[in-house]
Amino acid sequence: MTRLLSLLLFVSINIFAQPKPKHNLGFDTLAKRWDEGIPLGNGWLGALIWEKDNKIRMSLDRVDL
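Every position in the sequence shown, counted from 1, becomes a number in this note's numbering once 3 is added.
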């Protein structure tokens with residue numbers, strides 16, 4: 004009985020942990036200024052991406068620099 008309840012609990016947690024598609028980010032155009040750029044990174048290495056003069060610009064940064 005305890006195993007069955009544990010299995011049902013494990014399965015029910017997995018069902019509710021699925022990401023919802025309405026939380027996905029999507030951009031129609033890139034930012035025009037660097038301070039509005041799209042941030043990418045993992046906390047150690049990061050980048051900002053924006054558009055200037057119809058060219059894609061990217062700024063790379065590292066936490067220890």
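Where is the CB? At the ideal position from N, CA and C, for every residue including glycine.
Bounds of the beta strand (DSSP E) holding G49 are 48 to 55. In the three-state reduction of the DSSP assignment, D67 falls in the coil class, being assigned neither a helical nor a strand state. For L43, the pairing in a beta bridge is given by DSSP as A50. Taking C-beta atoms as the reference points, L51 and P42 count as a pair closer than 7 angstroms. Using a Cβ distance threshold of 7 angstroms, G49 and D64 count as a contacting pair.
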